[in-house]
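In this note's numbering, the protein residues as written are 26 to 696. Virtual Cβ for every residue (Gly too), placed ideally from N, Cα, C.
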Amino acid sequence: MTRMVDDLMINETLNYNSLLHKKSRLPYYSDRIVLPQSILESLVNQQRTASIDILPHPLIFKLTTNEDSSSCFAGVKEFSSDEGFIELPGLLIEKLKLKVSAPLKIELVQNIPKGTDLSLKPLEIYDEIHDWKWFLEAKLNHSYTTLTNGDTIYFKDDQRLDKIYKLQICNTSPGETVSVIDTDINLDIVPLDENMAAELLRQRSKTDEIINVEINKAITVVSGQKLKVDLGDFLHLEDSAQLVIESTSDIIVSNNRYISDDSFVWSTFNSGVKQIKIGKTNQLLKSQVFMMPMDVPKATAELKVTIVDHTATEHVTESENELDSDHVICSNCNSTILKQSQFMHENFCRRNNIKCQKGCNKVFIKSSLDQHWHCCNSFGDTPEALELHNHYLHNDLSLDLDTLKSIVCPSCHDEEFKNIFELAFHKSTTCAGLLHECRFCHLLQPQGTPTTESVVAGMSQHEYECGSKTNQCSKCGRLIRLRDFETHFKLHELNRIGQAKPIKCSNINCIRIVKNVADSNAIGLCDFCYGPLYSNVNDPTLSKLKARVERRYILQLNAGCGNTWCKNPECKSSGLSPTRTMMEIINYVRTELVPLVGIGSNSDSSCSFCVDLGTTKASLAAHFIAENYQGYEFEWICKALGEVKFVNNGDISDLNRVNEWLLEYGVKKEE
26 MTRMVDDLMI NETLNYNSLL HKKSRLPYYS DRIVLPQSIL ESLVNQQRTA SIDILPHPLI
86 FKLTTNEDSS SCFAGVKEFS SDEGFIELPG LLIEKLKLKV SAPLKIELVQ NIPKGTDLSL
146 KPLEIYDEIH DWKWFLEAKL NHSYTTLTNG DTIYFKDDQR LDKIYKLQIC NTSPGETVSV
206 IDTDINLDIV PLDENMAAEL LRQRSKTDEI INVEINKAIT VVSGQKLKVD LGDFLHLEDS
266 AQLVIESTSD IIVSNNRYIS DDSFVWSTFN SGVKQIKIGK TNQLLKSQVF MMPMDVPKAT
326 AELKVTIVDH TATEHVTESE NELDSDHVIC SNCNSTILKQ SQFMHENFCR RNNIKCQKGC
386 NKVFIKSSLD QHWHCCNSFG DTPEALELHN HYLHNDLSLD LDTLKSIVCP SCHDEEFKNI
446 FELAFHKSTT CAGLLHECRF CHLLQPQGTP TTESVVAGMS QHEYECGSKT NQCSKCGRLI
506 RLRDFETHFK LHELNRIGQA KPIKCSNINC IRIVKNVADS NAIGLCDFCY GPLYSNVNDP
566 TLSKLKARVE RRYILQLNAG CGNTWCKNPE CKSSGLSPTR TMMEIINYVR TELVPLVGIG
626 SNSDSSCSFC VDLGTTKASL AAHFIAENYQ GYEFEWICKA LGEVKFVNNG DISDLNRVNE
686 WLLEYGVKKE E
């Protein structure tokens with residue numbers, strides 16, 4: 026007899042030692058403990074003795090001190106501590122007020138319910154958290170097993186190790202202490218006060234506001250404003266097409282919406298031209314690009330996004346680029362001018378304008394040349410542009426490349442970069458802390474450090490791990506990993522297309538499918554239509570079967586089936602058959618109808634026997650669908666009607682289920 030899990034019992038005393046704690050690798054902010062292996066062995070032995078199928082999950086223990094009876098609940102990380110000792114995370118050491126060493130009583134508890142509702146209150150304004158749901162989804166289960174109403178929980182930021190997030194537990198349901206493992210929880214975030222709520226809403230709206238930019242339309246922008254361009258049509262152009270982004274100020278561009286001044290893919294900081302060209306074949310290009318103007322020197326700047334399709338412009342003739350006889354090019358400013366005013370223009374131009382001699386060939390009024398600068402391969406015309414260039418390419422300070430210090434990514438920690446420009450590219454592409462929306466859980470998550478498996482699968486590391494969860498296939502019922510669903514459905518699609526065309530009953534009035542062709546009768550009828558013709562008499566030459574077919578036809582043409590709704594053209598009751606004498610009927614049956622039956626070669630058989638009302642309605646529906654939806658063979662339409670039980674119900678008013686089945690399982694003519 027199988028006993029209940031409640032029969033399990035652990036009630037022992039273990040020692041805590043601060044020296045052992047210093048060697049422990051447990052995270053500080055957690056409730057997971059490490060127990061000796063003997064605890065696990067005791068549980069397994071009790072399970073066998075009590076004939077318990079599985080151990081409770083998760084294992085939760087109550088820890089109590091002998092000194093002042095302070096207690097708390099804890100989950101188990103592993104069973105690997107020294108015998109007689111327990112390893113605790115720093116958070117539980119604080120709760121239990123433990124000193125250098127102390128005995129602890131541990132007791133297995135099994136009455137803690139799984140949480141259904143949880144309310145948390147952030148104790149500070151954390152404007153970098155855009156979505157508390159994904160944040161807690163990513164961190165809660167990795168750090169905590171139980172939550173108790175009134176406690177404060179802590180999370181460490183993976184990117185900024187000195188940043189600690191503190192949240193107070195305001196409400197737990199259905200108990201004061203609940204388990205958060207393997208359960209769906211309704212989360213409610215409670216503001217600390219009204220001012221915090223207003224500030225959080227203001228910062229959230231400012232962060233999330235993104236303005237759509239139309240292609241080939243110039244707009245006015247301000248510094249720090251986030252912009253978005255949809256590239257639907259661009260992605261269908263030839264590979265030689267380019268996306269061109271032009272601005273009167275420096276600009277940064279990224280392929281994800283979380284663009285910022287320290288995370289972007291393309292920029293104008295390393296060139297003197299305020300223009301970014303992105304080829305259609307660029308592997309970093311996605312269906313959308315996001316842009317942000319940087320430190321606009323004036324109140325506003327102009328920005329325009331265009332598409333250059335080289336295949337559409339390659340036929341421009343040389344004559345279109347040639348100057349006509351009335352125009353010339355100024356030798357100083359390279360402008361196109363009228364030939365008759367060349368002398369006056371060039372004299373004025375040389376007196377007032379000067380061309381940069383450092384390679385950019387830009388022309389300036391002599392008084393404004395002092396603001397023009399060149400550095401590396403870049404140049405510009407404003408102090409703000411030079412400041413941005415120095416900030417991103419020279420770490421703010423010295424232009425002496427030998428004195429530049431490397432920069433460490435705050436998320437990866439082990440990668441170093443020459444300057445902020447390289448770091449920004451890394452943070453927007455390969456950084457483990459880059460936020461992205463997971464295709465499986467649809468939550469905003471860091472993409473993680475890629476492994477060989479995730480790279481081969483074409484997923485981020487988080488998606489690869491998240492995709493390891495299983496779900497049931499709606500078609501075959503098998504449990505499939507989420508990341509394998511796309512391949513799995515492609516196999517279903519190949520199996521669908523590879524299906525052989527169904528064999529319909531040879532009775533033209535019936536729409537049933539012959540399921541087992543090898544064991545079917547000699548004239549290709551379904552079991553329902555062949556029933557009246559069945560006989561267990563030995564008939565090797567099929568002569569008796571032929572006689573039964575003749576007899577059934579004669580009865581139909583002479584007396585009819587007696588049903589006024591009959592649509593059989595070879596039945597008197599349908600009114601579709603002309604009146605004949607008995608001799609004419611016999612002669613017609615033997616010379617015209619029976620030969621069509623093709624007795625002995627059921628692949629060419631064609632019969633016309635009466636059927637029931639439901640089958641008659643289904644047959645009318647099949648012909649209606651075949652006339653209005655000509656993408657499928659008639660046999661597939663008949664099978665669809667049978668699969669949705671149309672034959673039995675005879676309900677002609679609802680054909681949506683038939684269409685859905687054809688889309689799901691049918692094979693189109695062109696496939």
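In this model, E66 and M484 are separated by some 40 Å (Cα to Cα). With respect to the C-alpha of E132, the residue from A99, N220 and G115 having the closest C-alpha is A99. Boundaries of the beta strand (DSSP E) harbouring S403: S403 to G405, taken from the DSSP string.
Distance from the CA atom of I85 to the CA atom of F110, rounded to whole angstroms, is 17 Å. Between F634 and N534, the gap from beta carbon to beta carbon is short of 8 Å. Boundaries of the alpha helix (DSSP H) harbouring R573: S568 to N583, taken from the DSSP string.
A Cβ-Cβ separation of about 7 Å places N378 in contact with F389 under the 8 Å criterion. Its Cα nearest to that of V269, the residue S292 stands out among P114, S292, T474 and N281. When DSSP states are grouped into helix, strand and coil, C355 belongs to the coil group.
S272 is positioned such that its CB atom lies closer than 8 Å to that of K299.
P147 has L192 as its beta-bridge partners, per DSSP.
Between the alpha carbons of G458 and Y169 lies a distance of about 22 Å. Collapsing the DSSP output to three states places K299 in coil. Taking every protein chain shown into account, the CB of Y417 has 16 or more other CB atoms within 10 angstroms, so this residue is buried.
In this structure Y41 is buried. Its beta-carbon is surrounded by 16 or more other beta-carbon atoms within 10 angstroms. Under the DSSP definition of a beta bridge, Y41 partners with A127.
When rounded, the separation of the alpha-carbon atoms in P471 and G656 is 46 Å.
With contact defined as three or more Cβ pairs closer than 8 Å, the segment 629 to 643 and the segment 535 to 551 are in contact. Exposure of D349 is indicated by the presence of fewer than 16 other C-beta atoms within 10 angstroms of its C-beta. For C554, the three-state secondary structure derived from DSSP is helix. In the three-state reduction of the DSSP assignment, R57 falls in the strand class. The DSSP-derived three-state label of F373 is helix. Contact between V59 and S106 holds: their C-beta atoms lie close to 5 Å from each other, under 8 Å. When DSSP states are grouped into helix, strand and coil, I235 belongs to the coil group. A distance of 8 Å or more separates the beta carbons of M316 and S274. Our two residues, S431 and K443, have alpha carbons roughly 5 Å apart in a direct line.
Per DSSP, G115 has no beta-bridge partner at all. Residues of the same chain with a CB within less than 8 Å of the CB of D509, apart from the 5 flanking positions on each side, are G492 in chain order. Within the segment 475 to 539, the complete alpha helix (DSSP H) segments of 4 residues or longer fall at 477 to 482, 486 to 491 and 510 to 522, listed in chain order. Secondary-structure assignment with DSSP links K329 through a beta bridge to E271. Per DSSP, the continuous alpha helix (DSSP H) segment holding H414 begins and ends at P408 to L418. Following the DSSP letters along the chain, one finds C97 inside the beta strand (DSSP E) bounded by residues S96 to S106. The alpha carbon of H261 has as its nearest neighbour, out of I579, K305 and V247, the alpha carbon of K305. If the five residues before and after T331 are omitted, its C-beta is found closer than 6 Å to the C-beta atoms of N241 and V269, all from its own chain and listed in chain order. Here Y559 is exposed, its C-beta having fewer than 16 other C-beta atoms within 10 Å. In the displayed model, T606 falls within coil according to three-state DSSP, outside both helix and strand.
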